[in-house]
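Data first, discussion second: the structure below is written as structure tokens.
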Amino acid sequence: MSAKRVVGILLLGAGLLSAQSYRNIVEKIAETPALQSAHLMQKAAEEMAVAAEGKNLPSLELNLQGAWLKDTPMLYIVDDVPSPLALPMGKRRNFIGELKLSYPLFTGFAISAEIDRSRLEAQRARLKVLDAKRNLFLQATRLYGGIEATEASLRALVEAKKATLSALKKAEGLYKNGLIPPADLYNIKARVYDVEASITEVRSRREQLLNQLSYLAGVRVKRLHGTIALPSIPASKVLKERAYRSRGDLRALQTLLRVDEAQIRLAESRYYPTVGVAAAWKRQGDTLALDGDGYTNADHSYVGVDLSWNLFSGGSDRHTVEAARYKRLSAASSLLDYRRRVATEIDNAYAQLRALRSKLQSARMRVKAQQEYYQLTRGRFDNQMASADELSRSIADLANARAQKATLQSQIRVQRAKIWLLSGVENFEKTLDIARR
Numbered sequence: 000m001s002a003k004r005v006v007g008i009l010l011l012g013a014g015l016l017s018a019q020s021y022r023n024i025v026e027k028i029a030e031t032p033a034l035q036s037a038h039l040m041q042k043a044a045e046e047m048a049v050a051a052e053g054k055n056l057p058s059l060e061l062n063l064q065g066a067w068l069k070d071t072p073m074l075y076i077v078d079d080v081p082s083p084l085a086l087p088m089g090k091r092r093n094f095i096g097e098l099k100l101s102y103p104l105f106t107g108f109a110i111s112a113e114i115d116r117s118r119l120e121a122q123r124a125r126l127k128v129l130d131a132k133r134n135l136f137l138q139a140t141r142l143y144g145g146i147e148a149t150e151a152s153l154r155a156l157v158e159a160k161k162a163t164l165s166a167l168k169k170a171e172g173l174y175k176n177g178l179i180p181p182a183d184l185y186n187i188k189a190r191v192y193d194v195e196a197s198i199t200e201v202r203s204r205r206e207q208l209l210n211q212l213s214y215l216a217g218v219r220v221k222r223l224h225g226t227i228a229l230p231s232i233p234a235s236k237v238l239k240e241r242a243y244r245s246r247g248d249l250r251a252l253q254t255l256l257r258v259d260e261a262q263i264r265l266a267e268s269r270y271y272p273t274v275g276v277a278a279a280w281k282r283q284g285d286t287l288a289l290d291g292d293g294y295t296n297a298d299h300s301y302v303g304v305d306l307s308w309n310l311f312s313g314g315s316d317r318h319t320v321e322a323a324r325y326k327r328l329s330a331a332s333s334l335l336d337y338r339r340r341v342a343t344e345i346d347n348a349y350a351q352l353r354a355l356r357s358k359l360q361s362a363r364m365r366v367k368a369q370q371e372y373y374q375l376t377r378g379r380f381d382n383q384m385a386s387a388d389e390l391s392r393s394i395a396d397l398a399n400a401r402a403q404k405a406t407l408q409s410q411i412r413v414q415r416a417k418i419w420l421l422s423g424v425e426n427f428e429k430t431l432d433i434a435r436r
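The opening position of the sequence shown corresponds to residue 0 in numbering that gives the first Met the number 0, with each subsequent residue numbered one higher.
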């Protein structure tokens, strides 16, 4: 094997390493800081749910207090004597130690409602992660399709440049023989510069899109490898049913509805009394031994019950409950409206796909027509029956037709991916055979 061929193979391998497929980019998005931030917020909500469950368990507290009085506590007895009788009632140093076990025996279902609400908030945070991932996948899909379209335009412009340079070579020969005027030659040269400027512009746009895709995926993407390959999309009715079951944003709204229901129960808990029990080992003394101070008993241990019932609060409890109910009704209306919006979005996506496919059929016929017209014009130009301007226009029209056809093909692939994503990110990942993270 020659050294030149070895170098070529190595360069090809390096290019493939820097290329990213659509599936690879989608997988990389799960590792980006934007999505990791959402995952961490989910973890925070889960920890808050666990913390709320702790309120339903007994609590054990240790308390140690120490005080140093300025004067010794005294009891003064005033009688028919010249001066009052002063009796010491304690010492200037006082220490109190307490180990207390307490349990909320009944809170009017407030704790259970708070626990349910925290669990639902954690579930809602997880669903927000799924919806954030779906939106990132959709952005990546659009960028990937946009890059494919620019690359197709670039290929069409390169072909147009080759055809224009070939026409220029022919025109230079005709000009040397005095068969065409200088204007025709300069016209074709101007077309060459126009094509080169268009190539530079498209390359710049492709670089910008690659930079945006690199930022979104968290890896450097220098070129694409492969296209957006997805199986056939299901019927609109089937996709809507999947969206209702799997869409993270829809399920988040459903969860929010249940959160509002828990909030109603939490507000209604104010109608009930609260009962708590407590038991404590408590001692006091003038030293840390807590063995008394010689004046009062050292052991202050106790068992107690606390009953509290707010009989009237100016009507605020009733209005708080009513506000929670109205909020729940508002959430139900929002959910219904959002379901309709999702259904409309899916219907419009299918309608857009049908329109793109129809336009693609037209673009294919236009490419065939422009190809035939270019070949006809080139033959006429070679036989001095067509002007250089006519030939240049036919080359440009063929390039535009090819670019439009490739762009429509890319748009169709993007639209199909968008429809899959409209059914939910979990269905989309299953379609691409991507492990859930």
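Glycine residues also receive a C-beta, built at the ideal position from the N, C-alpha and C atoms.
Please read all numbers here as calculations on a predicted model, not as lab measurements.
Rounded straight-line distance, which links the Cα of residue j to that of residue i
| i | j | result |
| --- | --- | --- |
| Ala13 | Arg356 | Annotation note: pLDDT 40 at Ala13 (below 50); position unreliable, no value reported. |
| Asp115 | Thr140 | 38 Å |
| Leu167 | Arg379 | 15 Å |
| Gln374 | Ala162 | 11 Å |
| Ser231 | Arg246 | 20 Å |
| Ala43 | Glu30 | 18 Å |
| Arg219 | Ala51 | 43 Å |
| Val442 | Val304 | The question about residue 442 has no answer, for the chain in this structure spans 0 to 436. |
| Val191 | Gln369 | 19 Å |
| Leu16 | Val25 | Only weak support is given to the placement of Leu16: the predicted model assigns it a pLDDT of 43, under 50, and the value that follows is read from those uncertain coordinates. Rounded to whole angstroms, Leu16 to Val25 spans 17 Å at the Cα level. |
| Tyr312 | Gln262 | According to the sequence shown, residue 312 is Ser rather than Tyr. If you take the alpha carbons of Ser312 and Gln262, they lie about 19 Å apart. |
| Arg401 | Val157 | 11 Å |
| Gly177 | Arg202 | 38 Å |
| Ala439 | Pro180 | Residue 439 lies beyond the residue range present for the chain, which begins at 0 and ends at 436; the question has no answer from this structure. |
| Tyr75 | Leu104 | 45 Å |
| Phe108 | Ser332 | 27 Å |
| Asp381 | Gln408 | 34 Å |
| Leu173 | Leu184 | 9 Å |
| Lys367 | Arg125 | 51 Å |
| Tyr102 | Ser329 | 36 Å |
| Ala170 | Leu164 | 10 Å |
| Lys441 | Lys429 | Since the first residue of the chain shown is 0 and the last is 436, residue 441 is not available in this structure. |
| Ile433 | Val194 | 42 Å |
| Ser422 | Arg244 | 9 Å |
| Ala2 | Arg222 | At Ala2 the pLDDT is 49, less than 50, meaning the model places this residue with poor confidence; the figure from the coordinates comes in the next sentence. So the two alpha carbons sit approximately 26 Å from each other. |
| Asn426 | Ile345 | 15 Å |
heavy atom of the ligand MG below 7 Å from residue i C-beta
| i | result |
| --- | --- |
| Thr406 | This structure simply doesn't include the ligand MG, nor any ligand for that matter. |
Residue from the options whose Cα sits closest to the Cα of residue i
| i | options | result |
| --- | --- | --- |
| Ala288 | Pro57, Glu97, Tyr75 and Val77 | Glu97 |
| Lys404 | Asn210, Asp432 and Ala155 | Ala155 |
| Thr71 | Ser82, Ser58 and Asn93 | Asn93 |
| Gly225 | Asp432, Tyr21 and Thr430 | Tyr21 |
| Leu439 | Ile146, Pro272, Tyr325 and His38 | Past the edges of the chain, shown from 0 to 436, lies residue 439, and the structure says nothing about it. |
| Leu338 | Ala131, Gly293 and Glu240 | Per the sequence presented here, residue 338 reads as Arg, with Leu not at that position. When each option's Cα is compared against that of Arg338, the closest is Glu240. |
| Glu67 | Asp290, Phe427 and Lys90 | Note on residue identity: the sequence assigns Trp, not Glu, to residue 67. Comparing Cα positions, the closest option is Lys90. |
| Asn210 | Tyr143, Arg363, Ser268 and Glu267 | Tyr143 |
| Ala112 | Val258, Met40 and Val274 | Val258 |
| Thr199 | Gly284, Ser235 and Thr149 | Thr149 |
| His299 | Leu153, Arg363, Pro81 and Arg282 | Arg282 |
| Glu267 | Ala278, Arg317 and Asn296 | Arg317 |
| Lys99 | Lys132, Asn62, Ala387 and Val77 | Asn62 |
Strand pairing of residue i, partner residues [DSSP]
| i | result |
| --- | --- |
| Phe105 | Val274 |
| Thr280 | Looking at the sequence shown, residue 280 is not Thr but Trp. Bridge partners of Trp280: Leu98. |
| Tyr301 | Ala279 |
| Arg438 | There is simply no residue 438 to check, as the chain begins at 0 and stops at 436 in what is shown. |
| Arg222 | Ala18 |
| Leu306 | Val274 |
| Gly291 | Gly284 |
In chain order, what are the residue ranges of uninterrupted alpha helix (DSSP H) at least 4 long that sit wholly in the region 50–89? Complete alpha helix (DSSP H) runs here, min 4: none at all.
Decide yes or no for the touch test of the region 381–395 against the region 411–426: beta carbon pairs closer than 8 Å, at least 3 of them. Not touching, per the Cβ criterion.
Unbroken stretches of the alpha helix (DSSP H), 4 residues or longer, contained in the region 150–218: Secondary structure remark: continuous alpha helix (DSSP H) runs of at least 4 residues inside the region 150–218, in chain order: 181–216.
Quick one: any contact between the region 250–270 and the region 120–134, if contact means 3 or more CB pairs under 8 Å? Verdict: yes, contact present.
Can you check the region 358–394 for any alpha helix (DSSP H) of at least 4 residues that lies completely inside it and give the ranges in chain order? At a cut-off of 4 residues, not a single continuous stretch assigned as alpha helix (DSSP H) sits fully inside the region 358–394.
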